[in-house]
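Every letter in the sequence shown is one number past the one before it in UniProt numbering, and letter 126, counting from 1, is 126. Note that CB positions come from ideal geometry on N, CA and C, so glycine has one too.
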Amino acid sequence: MNSLRSSVYLRLLRQVRPYTNRLGLALICMIVASACNVAPPWLLKNVVDDVLIKKNMALLNGLSLGVVALFFLKGLAGYGHQYLMNWIGQRVVMDIRLKLYEHMQGLSFRYFHATRVGELLSRVTNDVNVLQSLVTTVLVDLVIQSVSFVAMLGFLFYLNWRLTLVTFLVLPLAGWVIDRAARKLRRVGHEIQEQLARLSAIAEEALSSIRIVRIFATEEEELNRFNDQNRANFRSLMRGTQVHAALSGTVEFILIAALALILWLGGRDVIAGRLTPGELIAFLGYLILLVQPIQAVSRVVSQVQQGLAAVDRIFDVMGKTSDVPPPRNPVLLDVLRGDIRFEDVWFAYEAGRWVLQGISLHIAPGETVALVGTTGAGKSTVADLIPRLYDPQRGRVLIDGHDVRDLEMTALRRRIGIVPQDPLLLKGSLAFNVAYGCPEATEEAIGRALDEAGLSDFVASLPAGLATEVGQRGVTLSGGQRQRVAIARALVRNPKILIMDEATSSLDASVEQQIQEAMHRAARGRTSLIIAHRLSTVRQADRIVVIEGGSVVEEGSHEVLMARDGRYRRLYSLQFGLDDA
């Protein structure tokens, strides 16, 4: 556990390393502010012994001016360290948030399938914000209170070493209490961050699926689910508050008991003449001030444990590796011909549950191939292996003779046009969504892509045209319109490989024929892979491949397959109600 904690500290310190100059200046300001905190009880001693008892007016004037100058210097130093430390803290948070988001972008699809998006968002927002307090407030308290503690301890020994030793007999007890509380707070800190992440996940899921919630009238159920998690989050917060409050109160009681004992012993020494009144007042003043750094340490312990719980969660995500790693020596194809070959490909999302079993398939450059089969046969998985969204466990996927695992991923994906089954759109204009991932696309290219997708008349009817906002997830468009925008988005980059996964699934019958003709034109000169349940979409394909149970069971043209009494003919007959169904 200690080695794990040390590694977390070291990783956190590495994030601060680029800002060591500002950190050094902030530390100087903190030391100056700490020194100013220590001076008042010593000045009070002189006021009592040399001014009030000896009636020294000159010293009174000097001490008064000294107090003003002291607190002016403390104000400047306080401003300096607060500004600098907050600047460093915010920059570290910004850096870590960017690195975390960048790392998340590189994680494989498997990770996102197994993790709720709301929990990941909580890492980027809530956990990183807790980290900011750890870098700034905690470090400031540690430096200032540590310097103050050491300086006050020195003055206490100078004033009366016997009373100081008596005082510090109780410190081991306070240290034991703080250590016990620290362990409890670390566990509670993990629980707090976890409950908050779950709360964020529930809210994100419900709000992002608000249409489904309204359709099925599940507002009450979602509210109850959120309320249950909200209560669980409240309970974990209160457990943390309970431990923190008990820690502060216990430490304060121990220190006040020590103060009362010193007051009694010191009073006896003054009466006996072994101690001056000013020295006793100064000693008690330092003892009272000494409570502050010790209480601050107990507060810092609470913040550190909660902060380290957040850091653990952040570094846990950053420690995840993608199962689709980038190649060490990536191959960048100057010209993509679009030759695709699957060689005995086996793939499983979960160990032992094969989705693809020995797929061998060749798609020649410029050929249009359709994949058909029942739901769950593995058609979309075949398509996902081409842009390397996943890697097969066995076998190879080749493009132009190169294993896709050796190709530069970003360049490969930018040369492939994909129309997904779920046409997700982003908040923004039509032009932004069509040109997404292709920033060099001109307005002419966008218009041409929309025309191919059968949207040009619709866009022309809009008052704002291409500047029309589509809303979050394209909520202002119909399902068919969203699908056609997704088709245009795939075509605008003029890809050499075109993958259409249920590209016409959201289109009504009156528009389907028009889109099929457009897609047939778009497929010319491109290697095209069409995945469809509606077999009317695939009749014009050069070749139709039937997949069942993760294996190729039939292939050929529509006419050839219909001439056989095979799986394709039976699927076609069932779908269109032919007599031999």
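Could you give the C-beta distance for residue i and residue j, rounded to a whole number, given that I count them as a contact under 8 Å?
i, j, result
"L196", "S122", "6 Å"
"residue 622", "Q229", "There is simply no residue 622 to check, as the chain begins at 1 and stops at 581 in what is shown."
"V317", "E204", "With a Cβ gap of about 16 Å, V317 and E204 do not count as contacting."
"R97", "V130", "12 Å between Cβ atoms; not a contact."
"V459", "G428", "At roughly 15 Å, the Cβ-Cβ gap does not stay under 8 Å, so V459 and G428 are not in contact."
"L571", "I544", "Not quite, the Cβ-Cβ distance comes to about 10 Å (not below 8 Å), so this is no contact."
"V355", "G550", "5 Å"
"I359", "V345", "4 Å"
"P420", "A486", "7 Å"
"A35", "A151", "7 Å"
"E119", "A232", "Incorrect: roughly 14 Å between the Cβ atoms, too far for contact."
"S148", "N61", "That belief does not hold up - the Cβ atoms of S148 and N61 are roughly 28 Å apart, past 8 Å."
"V475", "A445", "So it is not a contact: roughly 26 Å between Cβ atoms."
"V128", "V166", "About 46 Å; that fails the 8 Å criterion."
"H533", "E502", "7 Å"
"N160", "L275", "6 Å"
"Q145", "A245", "So it is not a contact: roughly 20 Å between Cβ atoms."
Whose CA, out of the options, lies closest to the CA of residue i?
i, options, result
"T442", "L477, R489, P423, A464", "R489"
"A282", "P293, A296, G266, G273", "G266"
"residue 584", "S380, V560, A563, W87", "The requested residue 584 does not occur in the structure, where the chain is confined to residues 1 to 581."
"F109", "M57, T321, S64", "T321"
"L308", "A377, S34, V135", "V135"
"G154", "L287, L450, L535, G480", "L287"
"Q393", "E350, G373, D400", "E350"
"C438", "D422, L455, R414", "R414"
"E382", "L361, D400, V67", "Glu is not the amino acid found at residue 382; the sequence shown has Val there. With distances taken between Cα atoms, V382 lies closest to L361."
"T374", "A26, D451, I144, R567", "R567"
"Q483", "S200, K496, V16, M500", "M500"
"H520", "R534, R539, H533", "R539"
"G319", "N37, E102, E555, L207", "E102"
"residue 587", "D457, Y436, D406", "The question about residue 587 has no answer, for the chain in this structure spans 1 to 581."
"D269", "Q15, S64, R162", "R162"
"R239", "L424, E221, E191, N160", "E191"
"R454", "H113, G480, T241", "Reading off the sequence, residue 454 comes out as Gly, not Arg. The shortest C-alpha separation from G454 is found at G480."
Indicate the three-state DSSP secondary structure (helix, strand or coil) for residue i in the structure shown.
i, result
"T167", "helix"
"L425", "coil"
"R415", "coil"
"M562", "helix"
"T527", "strand"
"L13", "helix"
"residue 582", "Only positions 1 to 581 of the chain appear in the structure, and residue 582 is not among them; the question remains open."
"V553", "strand"
"V546", "strand"
"E469", "strand"
"V492", "coil"
"M1", "Here M1 scores only 45 on pLDDT, less than 50, and its place in the model is too uncertain to base an answer on."
"L407", "strand"
"L120", "helix"
"D501", "strand"
"R539", "coil"
"L477", "coil"
"C36", "helix"
"P18", "helix"
"D323", "coil"
"S573", "helix"
"S108", "coil"
"P439", "coil"
"A464", "coil"
"R534", "coil"
"P293", "helix"
"N126", "helix"
"N160", "coil"
Does the distance between the C-beta of residue i and the nearest non-hydrogen atom of the ligand GTP fall short of 8 Å?
i, result
"L247", "The ligand GTP is absent from the structure shown, which contains no ligands of any kind."
Q) Taking the runs of the alpha helix (DSSP H) that are 4 residues or longer, which of them lie wholly in the stretch 325-403? A) 379-385
Q: Taking 8 Å as the threshold, find out whether the stretch 417-434 comes into contact with the stretch 356-371 through three or more Cβ pairs.
A: no
Q) Enumerated in chain order, which unbroken segments of the alpha helix (DSSP H) with a length of 4 residues or greater are wholly contained in the stretch 212-286? A) 219-272
Q. Using 8 Å as the threshold, is the stretch 397-415 in touch with the stretch 440-454, meaning 3 or more CB pairs across them?
A. no
Q. Is the stretch 390-408 touching the stretch 320-334, taking contact as three or more C-beta pairs under 8 Å?
A. yes
Q) Between the stretch 82-97 and the stretch 19-30, do at least 3 Cβ pairs fall closer than 8 Å? A) yes
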